[in-house]
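Q: Encoded as structure tokens, here's the structure I'll be asking about.
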Amino acid sequence: MASLQDIKRRIGSTKKTRQITAAMQLVSTAKLSKIQNSATGYHEYANRLKAVVGHLIEAHVLDNVDSAHLPMVAKRPVKKTGILLVTSDRGLVGSYNANIIKETNALMEKHNLTKENTVILAIGGNGADFYKQRGFSIALEHRGISDVPTFNEIRQLLKTVISLYEAEAFDSLHLVYNHFVNRLESEQRNTQLLPLTKDILEDMDDSHEHVAADFEVQSAYDSEPNSTAVLNVVLPQYIQSLVFEAVLDAKTAEHAASSTAMSSATDSADDLIGTLGLQYNRARQAQITTEITEITGGLVALE
């Protein structure tokens, strides 16, 4: 049986750990509230952009352009597949990173992807380290995204993703990230971003119908200078908005996961402190009983 001193030491260290986890829970909860407020405005912009793309589809603009002059749309033989995954830089976020890696591995298994025909683009250190250790080619690695990221902060990263695709570093691109559902739940999302096809755009654009009613457009467009030039501007912005929106979503889910993990750790510490307290009291009672027995035995011997 552990000594009273050992139990007392464990209680003290557990209380200190509890203070840390409780503080980290408060910090993560504050970050979660802040990023939710920050993301609201950007979602409005993203929805408007999705609406524009949706109306372009309805107006059959894609049907009237030469896809060979649209790098985002042009199809080519898929020699290498790019996977853009969003993970955290640190741990203490429960199964947040493990779920993304599991989803990415499932994607590779589904499409028969190996390290020879797959290129990893990693936002977050956990994903980069995991696949780097397994010999995958890392075309892009970005760490240190702030707790509440801004578009300007990762603007160059978004441009780099598109540049790599245009330079044929990979011929198709999938995006894997955690979608924030609520404070206790997130779900893994896997979306094909490139090349953009009419079917993919229609699947992505399920929200443009819910944009404010005052955002009305005609079913036909007059393009200046032409439809190809317009789409070469709009589609890269569309891809950038989807990636940044996913980063915001993933970062929100990360803060929620951290808050939940620290809450569970705090509860576990409380349980352990209670258990150790009982052990300490029982050990102390046993020690007192032994001391009384020894004193009583000594008195009897003196008589």
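Quick note: the sequence shown uses full-length UniProt numbering, first residue 1, plus one each step. Backbone N, C-alpha and C define an ideal beta-carbon position, used for all residues, glycine too.
Anyone know if the C-beta pair for His174 and Thr81 falls short of 8 Å?
A: yes
Q: Would you kindly work out how many angstroms separate the C-alpha atoms of residue 317 and Arg10, rounded to a whole number?
A: Residue 317 lies beyond the stretch modelled for the chain, which goes from 1 to 303, so this question has no answer here.
Q: Going by CA-CA distance only, name the one from Lys34, Leu107, Asn47, Ser95 that's closest to Ser264.
A: Nearest C-alpha to Ser264 among Lys34, Leu107, Asn47, Ser95: Ser95.
Q: Taking Asn117 as the reference, which of Asn126, Gly135, Glu103 has the closest Cα?
A: Residue Gly135 is the option with its Cα nearest to Asn117.
Q: Got a sec? Which residues, its chain only, sit under 6 Å from Pro236 by beta carbon, not counting five neighbours each side?
A: Hits under 6 Å: Ile162.
Q: Using alpha carbons as the reference points, say which of Ile101, Asn97, Gly91, Arg90 lies closest to Ile83.
A: Ile101
Q: Give the secondary structure of Asn232 by DSSP, where H, G and I count as helix, E and B as strand, and everything else as coil.
A: Three-state DSSP puts Asn232 in a helix.
Q: For Glu245, collect the residues of the same chain with a Cβ closer than 6 Å to its Cβ; drop the 5 residues on either side in sequence, then sort them by chain order.
A: Ala46
Q: Can you tell me whether Phe215 is buried or exposed, with buried defined as 16 or more other CB within 10 angstroms of its CB?
A: For Phe215, the predicted structure reports a pLDDT of 43, less than 50, and the residue's modelled location is therefore unreliable. A value from the coordinates is still provided. Exposed, because fewer than 16 other Cβ atoms sit within 10 Å of the Cβ of Phe215.
Q: Assess contact between the segment 36-46 and the segment 121-134, defined as three or more Cβ pairs (one per stretch) separated by less than 8 Å. Is contact present?
A: In short, these stretches do not touch, since the Cβ pair count stays below three.
Q: So for Glu116, helix, strand or coil by DSSP?
A: coil
Q: For Asp6, which residues in the same chain have their Cβ closer than 8 Å to its Cβ, ignoring the five residues on either side in sequence?
A: none
Q: Please confirm whether Tyr280 and Lys8 have their CB atoms less than 8 Å apart.
A: yes
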